[in-house]
Each structure stands twice: as C-alpha cells, then as structure tokens.
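Residue numbers (this note's numbering), protein chains in the order written: chain R, 42 to 230; chain A, 389 to 695; chain V, 2 to 369; chain E, 20 to 630; chain F, 3 to 197.
Next comes the structure, spelled out in structure tokens:
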C-alpha cells in the first residue's frame, strides 16, 4: 500500500522546484553587462552609483558576457553594434535576460528612418522587458529592472528559451538585415 | 582520522559561511562610505548560489579540472586552519608553510584553468597575479620568519598560544606580535592587502584594463566555485593574520571580532585607493616594506629589541 | 615576434561609450592601435537634412549624449547667424548658466570616469552623485534630465523657474566646499598619482598636427586658447574668468585642468546669477507655422567651447525649410581617431583607458 | 654479479657494442642503451640497498672502489643510474636526428660508466679520471644538438672545475700522503684546508652551474639534444652536488666562526653565493623564451638551494639538501622529458611558437604539471618536503638575507614554471599544430609516468627515503633527522606529508562533487572567447606567450648581462694575451719560435729545480 | 574692432594672391572664400604659413542640381581668431580631389569619412578608401542627396506593426478597469463635464 502523503516527487516536479529556488537567487542577483550600446547608457551611471544605488537590488555591473545575466540594450542600435550585440548575447551563459531601454529599441524612436539604425530589437534577439522613453529617466530604468524581477518570479522572462526555440527565425532576421552577423574584414582578422 | 577530516571539512564550511557573511556586511559598509545604501548583507550568498544555478560554458577539460583543483586545494588548506586554541582539525600539524604552499595549489589550479580558456586577458591576469604574489610574499615571509624564530614554533596555534600567555622563561611571550613587532605588523598588513587583492594591489583583476583578468571567461558554476574558493582563501589569509599577529583566539567570539576588525579595516583602507600598475606593485613592495621587514627581523632576532 | 591583439571596447569596462580600440600588443606594450568607430552611427547628418529647422531642435542634443547643451548652443548660434536673429539679453545669461552647469557636470563625470581606469570607485561614486544633483537642477530648469532642448534659436525655451537660484547656489557651495576633498581622493592620492603622472604624454609640438583642441591642447601649449576667450559668444566677454593652462600634458595635468575649469565655471555661474538682467528670453522665429519657417541662403560654421574642445556645426541653407547640409565637427574627432593611432603605440595596455578618459574621447560625436 | 668493476666494464663494453650495432641499425643501437642502463640501474639499486656491492678489482688497472661507508656514494649512484635508465627510453626516438647516432649511444654509456666510477671510488685520482671521462663523453654529446658553441662553453668551465679539482687533489696528497678520499679530506688542515675548500667549491660550482660559474648551464641545457639535457639536469649536475658534499660537509668547517649566526665564514660565503645562485637563476628563468633554457635556469636555482642547505650543517638542512638532490633530479628530468616529447612532436621548444599542446598531448601535460608542482615546492609533491626541511633550518639559523633569497626563489619558481604551462600547453590551439600533432609514443610516456609516480610518492611518503638519508647523515657525521613512519620533525614543527595528501584528496573530492551535481556546461570552441565583442579569426592573435612577464622583466633587464659581460671581458683579455704571446712566439720565422720555446722551457725547468 | 581687422587682414591676404570666386563675411570671426579647385592647396599652404595652423573641419556638400560637390575646408588661427572657410566645387562625375595630407596631417580621417559618405576620392591619402564608420555598406554613399534612407530602412529593417489591442502585463483586471475609468474621466473633463 503506497502512502499518498509521502509520495516521491516526479523528476519534472523536482526540476521545477529547483528551478524555482534558482529563480529566487537569479532575480535577487542580477548582474548586468557593461555594454553601453547607445545614449540611454548615460542614465545608467546615476542608477549604478550613489544617487539610485542599483546594488541594493542586488544588481551590479559585470565586465564580461560570461559573467553577466542581463544584457542592457541602451538605446539605438546601429548595424555595427547589432552584430557585436548578437555575438555578445550568444556568449552569455543561460539563463539570460535582455532589457531594451529607450524608444529606439522598440520602434526605432527618433531614428526610425535612418539608414544605419534598426527599428525593432526583438526581431533579432528576444527582449524580456522594454523601458520606453527618450530617454527614460533613472526611475523608469530602475522600474524596468524591478519589472524584470517580477517576470522572473512569474516565470515569464524566458526570452532565452525563445531564442533556442525560434533560432532559425531569429537567424533569418539577422541575416536579412545585416547580411552576415560575423563580419570578416581588414579590421577583424 | 575520519572525525578529524570531518572536523576539517566543517572548519572549511565555517570559513566559507563566515567570510561570505562578513564580505556582505563589508559591502554594506563600503556602500555607506560611498554615500549609498548598499546591498543586503546576504547578497554574496545570493550571488554565489545564483552563479551555481546557471548553465555555463566550458573550454575543454582543463578549464573544469583547474577549477576543481583550485577549490579542492583551497578547501584542503582551510581544513588545517585552527579557529581557536582548541578548535582545529589536525592539532600539531597546522604548520605555517602548509598554508603558504597549499594555498598555491589553489592558485595554480585557477591559473591553469584561466589560461586554458584561451583568452589572452586571462593569461595577462594570471601573469599579474603571480607577479603580485612575488612582490607581497617576500616581506611577509621575512616577518613570519621573525615570529617563528622568536617563538620557536611554526605551528599557528602554538604561535597564538605564545602570544596569549606570558610564560616565565620564555622571552617576549604574552604580547601580541602586533604590539611586539609594530613595524613588522605594518609591513604584514600591507602584504595582507596584497594577498587579498585589495586596492591598490588589485592589479590582476583590473576590470578597466583587462576586464577582470583571470575571471574573464568564467560564468555559471565555474565562476561560482571560484567565488567559493575566493571566500575561503580570504578566510585563510585573514585568519592566518589573526593567529600570527593578533594572538589567535581563546574562544570563537574573540575570533569573530578580530576577524571582522582585520577584514573591515583592510576594506576601508583599500576603498579610497587607486590601483597600481603591476611593476609599481613590485617596486612598492621591494622598496620600503622589504627594507622595514629586514630591519624588523634584524632588530628582533639579533638585537632582541622587542616591545 | 608575434603580436597579441587586445581590444578595448565596445563591450569593455574601460571604454567610455561604444567604440572599439584595437591594440596590437607585445608583452604589455602597445605596438599598433586604431580606433574602430561607427558603432553609434545613426546617419545623423542625413537625418537633419530630412527635418525642418525647428524640428531639428529635438534632434541636435542627441549628437553627443554626455554634453547635449553645447549642441543646442552651436546650432542655435548658427541659425541665428544665418537668419540674423538678435537674441534677448537675458537669454544669453541663461544660456551661459546652463552651459556652465553642463560643463561642471561633464567634468565631474570625466573625473569620476577616472575612477574606473585607476580603480578608485569611491571617487567615481561621489562624482556621479554630485553630477546627479546637476541633473536634478536641469530637470527643474528645463523639464528634462539629459536632453534638455532648452537653448533654441532665438533664445531659450522658457525663463528660469522661481527659486532656482537658491538650488544652484546651494549646489555650488556644496561642490566648492568639497573641492579639496575631490582633489585629495583623486589626483593628489598617492596611489593614483603614479598611475596618471607621466603617462600618455601629449607633446606640445604635435597638438597642431592632430588638431586637438580644448583641454588637451591647453595643457600642452600653455596658452589660453579657449573659444570663450578668443571669440566670445553669448556674454562670455562680460564675465571674468581665467582659462587654466599647463605646459606639460600628461594624464594628471589634464585632469588637474578639468578640476580648475570646474572652479572657473562655478565662478562664472555666480557672476551670471548676479549680473543677469530681467526681460524676455526668446524672440519668436516666425509668426505661427514654424514648420514652414525658412532660413536665408548661406554657409556658416558655428562653434562653441565644449569640455573636450572646439565643437562646431557647419550648416548650409539653400533658403528652404530644411537645412541643406549640416556637418558636425566632433570635438574629440582628432584625439579619438588620429590620436589613438599615433600616440597610443608605445604606451602600455594599462594606459589605453586613461587616454580615452582624460582626452575625453566621446564616440557618439565621432560616429554621428 | 654485484661487482662494481663488472658494471663499469659492462657499461664500457655495452658502449662499444652499441656503437657497432648502431652502425647497422640506429634504433637497435639506441635500444641497447636502454638494456644496459637498465641492467646497471637494477644491479646498483638492488645490491646497493642491500649493502652487498662488491668493490673488488680484478681487471681494471689503477682503479679502486670503496668497500665500506657506501651510503653517500650509493645513494647518488642509484639516483643517477636511475636517471640514465629513464632517459635512455628516449634514445631510440631521438637518434634519427643526430649526425652520429652510433657514437651517441656509445658516449651515453661511457658517461654512465664514468658516473659509476665517480660515485663509488675511494681514490681521488680515480675519481678525477672518471670525472674527466664524464666531462669528455658528455662534451661530445652536446654538439649533436643545436649549438656547437655550447660545447666549448661547457668545456671551458668544466676544464676550470676539473683543474681546480686536480689542484685540490694534489694539495691533499701533499698533506695526507695518499690519494684516499676520506684520509685526504679529514687530514687536511690550516691554510691548506682553506685552499682545498676553495678549490673543491670551484669544482662543485662549475659542475653544478652555480653563480658565478653558471654561464655554461643554460647554454648546454638549452642547446643539447633533449635526452642529453635531461641527463645533464638530472644526473650529471649531481656530480657537482657530490663534490659540494665533500667540500662542505666532509671537510671540517672552514674559516673563523661568525658568532651571531653560529656559522663558519667559509660556509657563510658559500651560502651567500648559493643565495645569489637562487636569485639569479630565478630572475633569468623568468625571462627565457625557450622552455628548455627556462628549466635550465631553474636547475641552476635549485642547485643554489642544495648549496645553501649544505652549508648549514644540521640535521634538517643536510637531509633537506640530499632530499632536494633527489627531488630535483626527478622533477627536472620529468620536465625536460616532457618538453623533449613536445620537441620531438613539434620540432621546437620556443614558447612563442607553440600553444595549446594540451589538447593533443594530455599525458605529457599531466607529467609536466606534476613535475612543476614538485619543482615549485607545492604539496603534495616531493618538492614541498625538501623545501620545508630547508626552510626549517634557514629560519632556525635566523639568516635573514639567505632567507630572502630562498623565499624569493620559491615564490619566483611559481612564476617561471607556470610560463611553459601557459604558453606551451595551454592557451589557444595553434592551427599549424592542430592536425599533425599526436601524443608521444608509449615508450616515451613510460619513463615520464614512472617519474611522475615517484614525484608523488616522494611527497606523500618521504620517510622511506629519509630513513635511508639518515644513514648518509650518520656517515657524514651529522645528527640524524627525527622521523616516524609518517611524520617528520623539524626544528620548529612537525610535518605529516601523507595527511596533507589525504586532505588534499578530500578537498578535491568535495570540489568534484560540487562540480558534478551542478548543471552540465556547454562545450564551446576555444576561439569563442571574450574579445570585447569583436570578431577574431586568427588563433595566434589571442595567444599570450611572447614577453610573458614583460612588466617584471623590465625592472631588471638592464642588469642581466653583468656576469656574461664579465666573462666576455675575461675572454677578450685572454684573447689579447694570446695574440700578444703569438706576436712574440709564433712569428713568421720558425727559428725564433723554437728559440723562445727552448728559453721558456729552460726557465721552467730551472725554476722547478730551484723550488 | 580687433576681430574686424583680422577679417580684413585675411581678406586682403587671400584676395591679393588668389582668384576668389566668391567672398562672404559670415560673422565677425568668420570669413568664407570660394576658390578654384586647383588653388586650394596653395591657399591652404599660405594660410598655414600665416598662422592658420589648425584644420577644424573638412567636409563636402552635395549640390545635386548643379551636379557638383562642394568641398569645405575650415581652418583656424588662434592668435588672430578667425575661422576661414575655403570652398571649392568639383564635378559630381568621378569626383576626385588631391589630398591635403602633406599640409594638414589631421585631415586623414576627415577625408576617409568624406570618401565613405560621398564617394569623393582623395589621391595622396593612402588610406582614404578604407571603410571607417559603415561596415559592409552595399548601397550608394549615404550622404548623397539621391540616397533615400527611409527606403533603405524599409527594405532592410523590420518595422513594428501596431495592433489595436495591447497586452496587459500581469493580466490584472483591476488595473485595466482603473485605466479605462481614468480614460473616461479625461474625456469627460475635456468635453467640459458632459457625458
């Protein structure tokens, strides 16, 4: 007669529990990548430093993509940056999250008709949270991070899974806009 | 034997928990110095466990093996560490040289793994770490030589005992070496800052130059294990300092207080400093600290002038 | 000998902004280096041709993100010269206050930025905290923290809010009282001085070859070549200030000059607050229908003194509602491109980030 | 069977046989060296440890071997024959590259015979004879490698050492009346003693490659063929240590005693020179680009440790020195063999040309790793035990300046041993080696694995060997070291090497468990690495191996050539003197030359008579 | 005024020796000369000798209706503070202009940029053809007037398509209700309180 009270958890359930525990740690210690892709990066120093002190949320800047959890896309993305951004995003260790800051990441913003700036970031890499504004002030940026934490808690911040699942679609979009993602020219040999 | 080993493992675990909490508290203190609120005191735990929960990348077997060797070597070193006079895993074998050389296994493992990642910045970081080591160890070893020569013991607990109680017939016993050898203490404190990789001797991490040096390719569990290793290393080095200069500890509370004071003062001093270049580190240590260390050793050993 | 290739940027903690320095290294000495710009290119000059003169007001601050006000000033001056507009007296003084506040803000940011390559984060945190109070003041004056769109052709957008003098004065007093502390923790700090003294020297004879202006030039040639002095715009000829100079341009002397300029800016703002007359702050460009406002034919190069040097707009009007061509002379163009190529080789990899920081290489104005 | 004479004859005959066979087939001739040296090692080890070596002489003229008090000679003998045996496995793989392969085999075995003779004889003249045999045979082994000039450097310094040894022998002969070693060393006294001491030390320094007679060492070790290098570093250098033991320990302390440190002046000076050797070797090793030269300088530095330890003359120091001889022989041989294996597979030992060897040669890498851990004195390898013993005595004597040097050498060794590890084995896998390179053949790996095993064994359970060394200490008249089965007791503390090893194992197991329960990592390519977001396609641009320690090298690079310039200056003066002599003696007219020769000879003869 | 004497000085300096097509005094610190293409180098050399040692700006203007490019050189003298614009026109077909690298080494990157954005060739500058800002550009140089960035952008980059409905982040009804109420109130206020 099997006891129903102390039945063993199935493997999926165990995994899920571990995942939830991991999520607790992940959302309380979000390390962001120091990659200033555009002008909204100017609002990050106040957020990081004494004025708003991001560290009290457990966030901190990290030097390399391997160490970081969050990729901040701060503002407009020129083609040249997008190539490096995709490369950097692919180097990050999973689970990884992307926060798009500024209107330019959403729809191109003020540079919507420029020949060098892409219009919609989530065509190329999955974005978990957008922070609108040109430029969003520091409170908005901080609020975006808190939103990301909430999303992680409710297991909705799974852009990195989407990237695996729809990899071909993303790759196609990247190649459509960029030609080739990894350029090989005289400056990169 | 088994009990001793279990005891040693618990010492290492204690060291990890202690140092991680104190590091968190220190982050808060530093935050206040920098006019901000600072993280939660258990933030370091969150960081480490977060890293352990992530899915990392590997660059080949040496990349993983080096990390295992680094953490293993450091855990092994910590197992020898006495905490109070009685609380230690292997009484009589807590030899100073074991700490200095066994810690090097961990360093070597990390260096190997970092170089194995194939990133030049990691190799540069390792080069800088080793060079820094060459700089700070010599003055420190000279001071420790003086202490061992004066006490006649190279066992840490014996040295601590020597400082705690004044025994008739034993010269210089009963005073902390912090007071007995003030110049030596100052030199050793500088060396401790070098050992802990605090500014201005933080050259081998140097995010703005070499993007965090040896750690450049780590992420996920490897980085988490290196963080654990780093915390235990700090534990070993600071407790080494407590035992050598601050007279060890009779009970665990005194140990905690002394430990906290040493680590916090190192942190506070380091936080208003910049970062030297690597050759400046070497020149710095080989100029005044080495000279003072030799002077202190000479005065203490041959002239017997000890306060 | 085999060379090693190291990169500073775009994704690197030592790089300010989104550009990449490629360094070919032997040991730790840089043998060759070049800047790979263009990661912030957004077709700016093309974009301005596609907007009307008035629309462009919202576009121009975005050329250089760290110091938007000089863009507005240069653009406004250019348009005023082309269209022959006389700016009300009070607007000149308000413009000076805003520009000097902006100068303080960027000097603080650059000074805090020195904390990153030299490793002193406390200094960085303090400097950024003070910069944030300037941003708060800006928010009160203009309604925005960073992109103000405040200086417009014909004056400033609106008058100063009531009671802002007190805020500004409080902030200036606070900053002045802590000036000594700033020096002590930064350029007088015995652990930082060896890093920045005698490193990445810019010889005075090559300044003209590069075309470097601003602090980089003044620290090398020992002459007060400041556009505010030699061709004063706004009312800089009516305030008293000194232009700090030096004859030996290493990293330390450049940062030193920045701090000294900060003191001068404080005094300029105080004088402005004292001398500022009452009156209008803006002349209307056109009666209604500002989108159809046209500017007479002409070419003008209007330039202002930014924190990094001469910042200029070359504007061509063919008499239409849109600018025919707008060219931007980024102040850090020479030191960013030619300077890195010519004067980084021979220095060490530790110093590359210091060049970027102390010479004030600002990638958005190089890329545009 | 156990006759030493028999073994020497076997080595010599084996050499001749190897030469003849080598004419027919190179590889077979070289393989013969494995058999012969293996046979000699097994015999020496078996009978030497039993104390049943036969010293009687039947065939060889003039030669005599020691009958009693054999421990010192036997320990050195076993060690060096073992090294010869281990290295001989490499010979078959390397003979193809030599110009005279059969000669190589012959000289290899001849020098083995010489080594045997040196360690087991009791007669100074025989010692000198065998010493010269070693010098001359090894002299012909060196130029088979890259540089012929190295051989001339080697010859110059060896001749200097040999002649001072000969001089010392004659001085001792004068006082003792016979050529017997023990008589000679014990009976010499007064100013003669100082002279003998100096001369013996010159011989030892020249052979050990200690400062200031070190110039030849890196040249020879860096340029000779790889097996020869290993033999030099592991075996032939130890002749110097043997002579140093004679001079420093067997000879009574020399010179007035310095009160403060309770040490004779002569010993102290040697200790200072030893300390300089350590520092100089370390600094030079840091800046080498050739891996072999780097290990060569590390050999020099370790020779300094042996000298320093021998001068202190107490139980920990002498046992530490003797143990260090063993450890260093094992470790540096293993390191040289590993680098030799790399050299054979790639054709270069320059660190700036290699990279990423670990992916193709993992076993070689592990061997090298264990060797350098031992060399750097990190537990649980043997180097830690010997360095611990040496530090114990250095601290106990309170010699601050010497201590600085020893600490510097010990920390500095981390720096230089790591460099080949990083530049040669680790880092980016260079494309030119990616396809061609394979792991070394089994018979090359075998000696390396055996040596690694011994490296670990000496670190885990040193008591067995230290027990034997205690016998040597007794023979030398030094107090014996306190040993139990598992622990050693020094002057100010005990050491439990096996415990360290066990605890280290426990630590690694814990770390491994942590590693294995966590999520599995994703394997990525080596080139998929952090480049600040830029794209790189050339492996070489990301492999940091040139000027590895550039910042620290820059601090002393102006001062490195002092000794070299000094010797160059001397050589120049000698040359000038030679041309001066030539000007007078060897003019175009032969009559004048003859006249001069006659006059000089006459003066010399007369002078000899008058004396 | 002092600055006006500077303007006069440079004006007489240039006009006496060169054939100036068009002179324009822009402001008290700025003067502009339009000269022939062949005279630019000599004029710049003269100005450099006279103290206009800093090259402030170099760029081009696309006069598509005249089928010409106009090159602009702006030089600065700090002792006699006057910006001198020198403008010259070159043909739009196969545009080429000798580099001024020997006179002003600082022009190296400006010329690279002009080549990249307008397609003007600068023989004499060894690196003018290397790409600087753009990467893998496959269209006509973007600052030419006949280049339409919007068309390029539409062809290459996906645009966000907005739908009527929007997704509520947390699916919380209360917030949506509140938001609708607020909207209604705003409309009511605008209409002056009438329903």
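Glycine included, each C-beta is placed from N, C-alpha and C at the ideal position.
Contacts that residue 117 of chain R makes with chain V (C-beta to C-beta distance below 7 angstroms): Here residue 117 of chain R refers to the residue found at position 76 when the first chain is read from its first residue. Within chain V, the residues near residue 117 of chain R are 43.
Whole runs of the beta strand (DSSP E) within the segment 203-228 of chain V, excluding any shorter than 3 residues: none
Exposure label - residue 594 of chain A; buried when at least 16 CB within 10 Å: Against the second chain, residue 594 of chain A aligns to sequence position 206. Per the 10 Å Cβ criterion, buried.
Length of the line joining the Cα atoms of residue 90 of chain F and residue 328 of chain V: For the purposes of this step, residue 90 of chain F is taken as the residue at position 88 of the fifth chain. For the purposes of this step, residue 328 of chain V is taken as the residue at position 327 of the third chain. The straight-line gap from Cα to Cα measures roughly 16 angstroms.
Beta-carbon separation (whole angstroms), residue 522 of chain E vs residue 396 of chain A, contact threshold 8 angstroms: Here residue 522 of chain E refers to the residue found at position 503 of the fourth chain. Here residue 396 of chain A refers to the residue found at position 8 of the second chain. Yes, they are in contact, since the Cβ atoms of residue 522 of chain E and residue 396 of chain A sit about 6 angstroms apart, within 8 angstroms.
Nearest candidate by alpha-carbon position, reference residue 73 of chain F, set F:107, F:121, F:53, F:128: For the purposes of this step, residue 73 of chain F is taken as residue 71 along the fifth chain, with counting starting at 1. The shortest C-alpha separation from residue 73 of chain F is found at F:121.
Bounding residues of the alpha helix (DSSP H) (the contiguous stretch that carries residue 402 of chain A): The residue you call residue 402 of chain A lines up with position 14 of the second chain. Where residue 402 of chain A is concerned, the enclosing alpha helix (DSSP H) stretches over 390-421.
Sequence-distant residues of the same chain with beta carbon closer than 8 angstroms to residue 76 of chain E, five excluded per side: On the fourth chain, residue 76 of chain E is found 57 positions in, with the first residue counted as 1. The answer, listed in chain order, is 24, 82, 83, 84.
DSSP state of residue 125 of chain V mapped onto helix, strand, coil: The residue labelled residue 125 of chain V in the question sits at position 124 within the third chain. In the structure shown, residue 125 of chain V sits in a helix (DSSP, three-state: H, G or I).
Contact list for the segment 544-559 of chain E against chain R, Cβ threshold 9 angstroms: 547, 548, 549, 550, 551, 552, 553, 554, 555, 556, 557
CB contact below 7 angstroms: residue 668 of chain A versus chain V: The residue given as residue 668 of chain A occupies position 280 in the second chain. Yes, residue 668 of chain A lies at the interface with chain V (some Cβ there is under 7 angstroms from its Cβ).
Opposing strand residues paired with residue 32 of chain F [DSSP bridges]: Here residue 32 of chain F corresponds to residue number 30 of the fifth chain, with the count starting at 1. Partner(s): F:29, F:85.
Residues of its chain near residue 32 of chain F, where Cβ-Cβ distance is below 6 angstroms and the 5 sequence neighbours each way are ignored: By one-based count along the fifth chain, residue 32 of chain F stands at place 30. The residues are 85.
Chain-ordered residues of the segment 67-87 of chain F with a beta carbon less than 7 angstroms from chain V: 74, 76, 80, 83, 85, 87
Nonlocal neighbours in the same chain, by C-beta distance under 8 angstroms from residue 434 of chain A, ignoring five residues either side: The residue you call residue 434 of chain A lines up with position 46 of the second chain. So the list reads 428, once near-sequence residues are dropped.
Nearest neighbour of residue 29 of chain F, chosen from F:136, F:137, F:9, F:177 [CA to CA]: Within the fifth chain, the letter at position 27 stands for residue 29 of chain F. Nearest of F:136, F:137, F:9, F:177 to residue 29 of chain F, Cα basis: F:9.
Contacts that residue 84 of chain R makes with chain V (C-beta to C-beta distance below 8 angstroms): On the first chain, residue 84 of chain R is found 43 positions in, with the first residue counted as 1. Going along chain V in sequence order, the residues near residue 84 of chain R (Cβ under 8 angstroms) are 146, 147.
Those runs of the alpha helix (DSSP H) which lie wholly inside the segment 98-165 of chain F and span at least 4 residues: 110-120, 151-158
Through-space distance from residue 541 of chain E to residue 114 of chain F, alpha-carbon basis: For the purposes of this step, residue 114 of chain F is taken as residue 112 along the fifth chain, with counting starting at 1. For the purposes of this step, residue 541 of chain E is taken as residue 522 along the fourth chain, with counting starting at 1. Near 43 angstroms, if we compare the C-alpha coordinates of residue 541 of chain E and residue 114 of chain F.
Neighbouring residues, chain A, relative to residue 562 of chain E (Cβ below 8 angstroms): The residue you call residue 562 of chain E lines up with position 543 of the fourth chain. Within chain A, the residues near residue 562 of chain E are 506, 508.
Whole-angstrom C-beta distance between residue 223 of chain E and residue 263 of chain E, which should lie under 8 angstroms: Within the fourth chain, numbered from 1, the residue matching residue 263 of chain E stands at position 244. Within the fourth chain, numbered from 1, the residue matching residue 223 of chain E stands at position 204. That belief holds up - the Cβ atoms of residue 263 of chain E and residue 223 of chain E are roughly 4 angstroms apart, short of 8 angstroms.
Residue-chain proximity (residue 518 of chain A, chain E), Cβ-Cβ < 7 angstroms: To locate residue 518 of chain A, count along the second chain from 1; it is residue 130. Cβ-Cβ to chain E under 7 angstroms: yes for residue 518 of chain A.
Contacts that residue 2 of chain F makes with chain V (C-beta to C-beta distance below 7 angstroms): Any answer about residue 2 of chain F is impossible in this case: the structure gives chain F only from 3 up to 197.
Three or more C-beta pairs below 8 angstroms linking the segment 369-378 of chain E and the segment 340-360 of chain E: no
The segment 628-635 of chain A / the segment 90-98 of chain V touching (three or more Cβ pairs under 8 angstroms): no
Extent of the continuous beta strand (DSSP E) to which residue 36 of chain V belongs: For the purposes of this step, residue 36 of chain V is identified with residue 35 of the third chain, where counting begins at 1. Start and end: 30-37.
Residues that DSSP places opposite residue 316 of chain V in a beta bridge: Position 315 of the third chain, counted from the start, is the residue given in the question as residue 316 of chain V. Paired residues: V:301, V:327.
Span of the beta strand (DSSP E), counted from its first residue to its last, around residue 200 of chain V: On the third chain, position 199 is the one that residue 200 of chain V refers to. Unbroken run through residue 200 of chain V: none, as it is neither H nor E.
Given 8 angstroms, three or more beta-carbon pairs between the segment 112-130 of chain R and the segment 213-229 of chain R: yes
Counted within 10 angstroms of its Cβ, other Cβ atoms place residue 239 of chain V as buried (16 or more) or exposed: Taking the third chain and counting its residues from 1, one reaches residue 239 of chain V at position 238. Exposed, by the Cβ-count rule.
Assigned exposure category for residue 18 of chain F - 16 Cβ within 10 Å defines buried: In the fifth chain, residue 18 of chain F corresponds to position 16, counting from 1. Label assigned to residue 18 of chain F: exposed.
Nearest residue (CA-CA) to residue 440 of chain E, options E:150, E:404, E:380, E:450: By 1-based counting over the fourth chain, the position of residue 440 of chain E is 421. Closest by alpha carbon: E:380.
Backbone secondary structure at residue 3 of chain F - three-state DSSP: In the fifth chain, residue 3 of chain F corresponds to position 1, counting from 1. Model confidence at residue 3 of chain F stands at a pLDDT of 49, short of 50, so the residue's coordinates are unreliable and nothing is read from them.
Where residue 248 of chain V meets chain A, residues with beta-carbon distance less than 9 angstroms: Position 247 of the third chain, counted from the start, is the residue given in the question as residue 248 of chain V. What residue 248 of chain V touches in chain A: nothing, since even the nearest Cβ is about 25 angstroms away.
Cβ neighbour criterion (16 or more within 10 Å) applied to residue 12 of chain V: Position 11 of the third chain holds residue 12 of chain V. Buried, since its Cβ has 16 or more Cβ neighbours within 10 Å.
Contact set between residue 505 of chain E and chain A, taken where Cβ atoms lie within less than 7 angstroms: Your numbering for residue 505 of chain E matches position 486 in the fourth chain. Per Cβ cutoff of 7 angstroms: no residues; residue 505 of chain E is ~11 angstroms from chain A at best.
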